[in-house]
């Protein structure tokens with residue numbers, strides 16, 4: 011089982027992040043960073059469900075293999091990453107709505123950006139390792155997606171808008 015599994019169980023021995031997360035991120039970074047609206051343009055539900063079934067059957071599938079035609083659509087691969095994150099039993103950023111508001115409020119009250127960043131890092135470091143490592147990988151990926159925003163029209167705000175609902179949910 012791949013989807014709906016706790017991150018701690020999804021991470022195989024010796025891995026930092028779930029294999030599906032790594033595979034989707036790598037494929038998007040190889041083939042999708044220049045695609046306009048990557049992560050914003052939805053894939054066909056038929057293709058998403060077919061790719062999901064293939065991951066459930068064999069998590070080691072090669073997303074560049076022609077025998078996986080659903081993966082040719084990079085929006086399908088991007089959608090697969092969002093689907094996986096959305097279906098985690100505990101969200102990637104594990105805090106209740108009240109905790110998130112308290113954290114945001116406290117950070118906004120800090121005038122010094124250095125102190126603000128230190129406090130945010132302190133909170134992130136308090137998250138369990140499986141969530142922290144996966145969160146770090148996804149945030150690094152989000153930054154790499156936003157880098158060529160002149161090509162893909164996905165600046166930091168756009169990328170945050172599409173990822174926030176799957177990372178920060180109750």
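Residue numbers (this note's numbering): 11 to 180. Every residue, glycine too, gets a C-beta built ideally from N, C-alpha and C. Note that the coordinates shown come from a computational prediction; the quantities given were computed from them, not determined experimentally.
Burial state of residue i, where buried means 16 or more other Cβ atoms lie within 10 Å
i: residue 81; result: buried
i: residue 127; result: exposed
i: residue 11; result: exposed
i: residue 28; result: buried
Euclidean distance between Cα positions of residue i and residue j
i: residue 173; j: residue 89; result: 11 Å
i: residue 154; j: residue 68; result: 28 Å
i: residue 169; j: residue 157; result: 11 Å
i: residue 56; j: residue 167; result: 29 Å
i: residue 135; j: residue 142; result: 7 Å
i: residue 122; j: residue 140; result: 30 Å
i: residue 60; j: residue 22; result: 24 Å
Neighbourhood of residue i by C-beta, 6 Å cutoff - its chain only, sequence neighbours within 5 removed
i: residue 85; result: 51, 53
i: residue 148; result: none
i: residue 41; result: 84
i: residue 119; result: none
Residue i, enclosing alpha helix (DSSP H) - first and last residue
i: residue 175; result: 166–177
i: residue 46; result: That residue, residue 46, is in no alpha helix (DSSP H); it is neither H nor E in DSSP.
i: residue 13; result: Looking at the DSSP string, residue 13 is not in any alpha helix (DSSP H), and its letter there is neither H nor E.
i: residue 125; result: 123–136
i: residue 103; result: Neither: residue 103 is in no alpha helix (DSSP H) and is coded neither H nor E.
i: residue 156; result: 139–156
Residues of its chain near residue i, where Cβ-Cβ distance is below 8 Å and the 5 sequence neighbours each way are ignored
i: residue 13; result: 62, 65, 66, 93, 94, 97
i: residue 151; result: 35, 38, 39
Cβ neighbours of residue i in the same chain (closer than 7 Å, five flanking residues each side left out)
i: residue 73; result: 33, 37, 81, 87
i: residue 133; result: 113
i: residue 163; result: 46, 47
i: residue 103; result: 145, 177, 178
i: residue 30; result: 12, 65, 69, 94
i: residue 19; result: none
i: residue 159; result: 165
i: residue 71; result: 64, 65, 78
Residue i at chain B interface by Cβ criterion, 8 Å
i: residue 168; result: Included in the structure is just one protein chain, with no chain B present.
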